[in-house]
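Just below is one structure, and these are the notes that go with it.
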Amino acid sequence: MDIARLVQSSIAPVFLFTGVAATLGVLTNRLARIVDRARTLEERLESHPGSAQPLHASLEVLARRARYINFAISLCAIAALLVALVVVTLFANALVGSELGVVIAVLFVGAMLCLSAAFVTFFIEVRLATAALRIGLRH
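Under numbering that gives the first Met the number 0, think of the first position of the sequence shown as 0, with each following residue one higher.
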């Protein structure tokens, strides 16, 4: 495989890597908002101990949402690493001349599975957030 064709075949994984990085940005921003809101509620809990019950309920929902987002972030980070390894393996395959097609396929499928699981986890977190709004929890 010549270098031009090699670079051309690595374009798709690089675009995928960019998409995963953008998803990581969305997830980390969402986590930051959850953390900020939890800190606000914790301060309110200290200054208004009489309203502890609803604040604790909201904090529990936020903690649960944060766990889901953290898991989604971890899955996206693993997906990004696997995509990067796909690109490295593509170049290693061409330079060394060995047949690493199966390794490339396994890495790519692993990345897709991690990314899919991250989106499912993100969907669950969004559902938790909207369910908390529907039942009247303020967070």
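Note that the Cβ used here is the ideal one computed from N, Cα and C, for glycine as well.
Note that the structure is a prediction, hence the values are computed from the model and not measured.
Original post:
Cβ atoms of Leu40 and Leu26: under 9 Å apart, would you say?
Top reply: No, the pair does not count as a contact, with Cβ atoms beyond the cut-off.
**OP:** Look at Ala91 and Leu99 and say whether their C-beta atoms are less than 9 Å apart.
**Re:** yes
**OP:** List the whole-angstrom C-beta distance separating Phe14 from Ala83, where the pair is believed to meet the contact cut-off of C-beta under 8 Å.
**Re:** About 13 Å separates the two Cβ atoms, so there is no contact after all.
Original post:
Considering Asp35, what are the terminal residues of the alpha helix (DSSP H) in which it resides?
Top reply: Ile2 to Ser46
Subject >> Where Val86 falls, given that 16 or more other Cβ within 10 Å makes a residue buried >> reply: buried
Original post:
What first and last residue would you give for the alpha helix (DSSP H) that runs through Glu59?
Top reply: Ala51 to Val95
**OP:** Note down the Cα distance separating Ala3 from Leu106, rounded to an integer number of angstroms.
**Re:** 23 Å
**OP:** Express the C-alpha separation of Gly96 and Ala78 in angstroms, rounding to a whole number.
**Re:** Going by C-alpha positions, Ala78 is about 26 Å away from Gly96.
**OP:** Look up Leu106 in the DSSP assignment and say whether it is helix, strand or coil.
**Re:** helix
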